[in-house]
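Per our numbering, residue -16 is the first one in the sequence shown, and the count goes up by one each step. Glycine included, every Cβ here is placed at the ideal spot set by N, Cα and C. All figures in this text were calculated on a predicted structure; none of them were measured in a lab.
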Amino acid sequence: MNSAELIKQIEQKRTFLCVGLDTDISLIPSRFKTEKDPIFAFNKAVIDATLPYAVAYKPNIAFYEALGPAGWESLQKTMEYMPKDVFSIADAKRGDIGNTATKYAQTFFEPARAGFDFDSVTVAPYMGEDSVTPFLQFEDKWVILLALTSNSGSNDFQQMKDEHGIPFYENVMRKSMEWGTADQLMFVIGATRTDYIAKVREIAPDNFFLVPGVGAQGGSLSEVAKFGMNSRVGLLVNSSRGIIYAGDDTSVSAAREAKKVQEEMNQLLDQYYK
């Protein structure tokens, strides 16, 4: 999916919600556990319930890898079921060099190889340019680069300053923008770091941000929109647990919570489009 198609979906649905499919077999309602493929049955119910309110879905690959071949099969079935006009994110956080990075990219971007046809994949930038550029060789595919995360250990490296007083995350963002365009490269920016969002938007005025942390982690959607929107909206805000585990009746509870987020986003977009 290219940027024009993504922006069109945001405009038509009046939302920039991304639903995270962090599907944990131990947390899904018991009625799904009698299904032949509980993970896929649950994901299908979540997608059916939230599709009117979301423009993107983000399976966290670890939850599928941990189940071995059955987990990969559940992921493939989920991707085949997912409508093609929504933006798909493989939250894989891959990061390696050369041929290995190319193989990771082929896994998620070339359906003839592994059966997946994601629009994007999250990538860790620690190993530098040659660990990222192999993912940028695929037309209408995106790299979503980890930049400023909201986990407790993020300060260990991301806020370390160089001799000029510039934090590491800023150097990562500025350097990586030399490798790809704003139509290829997004950044992960944690919602609980709203005091930094204006700064990172200054660094990357045209790029989309994938923003986790709204919902269960307590990030403020209005603050994210206030400081993070750009001329193309420029945001995909992810909610996982707050939607998919909102209640035992997934069809009702996930729809209710997704609609609630979409309604707030719609109001924010009303202000944006004035």
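CB of residue i within 7 Å of CB of residue j, strictly
| i | j | result |
| --- | --- | --- |
| V197 | S222 | yes |
| Y40 | G78 | no |
| I44 | A84 | no |
| M156 | L193 | no |
| K60 | F92 | no |
| D102 | F70 | yes |
| N(-15) | D123 | yes |
| I180 | G217 | no |
| Y228 | L10 | yes |
| L119 | G163 | yes |
Reference residue i, options the options, closest by Cα
| i | options | result |
| --- | --- | --- |
| C1 | D113, P35, Q254, A24 | P35 |
| F151 | M160, F140, E161 | F140 |
| T105 | S(-14), I127, Y47, I149 | I127 |
| I8 | Q(-5), A37, S57, F(-1) | S57 |
| M62 | A97, A49, E153, T132 | A97 |
| A(-13) | P21, N154, K19, D68 | D68 |
| A37 | E153, G230, F(-1) | F(-1) |
| V171 | L131, Q250, N213 | L131 |
| E240 | K182, V29, P117 | V29 |
Alpha-carbon to alpha-carbon, residue j and residue i
| i | j | result |
| --- | --- | --- |
| E206 | P52 | 41 Å |
| D166 | T17 | 43 Å |
| M143 | F99 | 37 Å |
| R215 | N134 | 27 Å |
| M248 | K(-9) | 15 Å |
| K27 | F15 | 11 Å |
| Y64 | D31 | 10 Å |
| S137 | I186 | 19 Å |
| F191 | A88 | 20 Å |
| A174 | D232 | 28 Å |
| L129 | A49 | 22 Å |
| G225 | N154 | 32 Å |
| Q254 | L219 | 17 Å |
| D20 | P12 | 13 Å |
| G230 | A73 | 25 Å |
| K209 | V244 | 16 Å |
| V115 | A95 | 22 Å |
| G148 | L204 | 30 Å |
| W55 | F46 | 10 Å |
| I(-7) | L252 | 9 Å |
| W125 | E161 | 15 Å |
Under the three-state DSSP convention, the category residue i falls into
| i | result |
| --- | --- |
| K(-9) | helix |
| I80 | coil |
| N213 | strand |
| V235 | helix |
| F121 | coil |
| I8 | coil |
| D100 | coil |
| A49 | coil |
| D20 | coil |
| A181 | helix |
| P94 | helix |
| M62 | helix |
| V115 | coil |
Cross-strand partners of residue i (DSSP beta bridge)
| i | result |
| --- | --- |
| Y40 | V2, S71 |
| P188 | P188 pairs with nothing; no bridge assigned. |
| M264 | As shown, the chain starts at -16 and ends at 257. That puts residue 264 outside it, with no answer to give. |
| K144 | P150 |
| T105 | I127 |
| V220 | L0, V194 |
Within-7 Å CB hit, residue i to chain C
| i | result |
| --- | --- |
| W162 | Although the question refers to chain C, the structure presented lacks it and comprises just one protein chain. |
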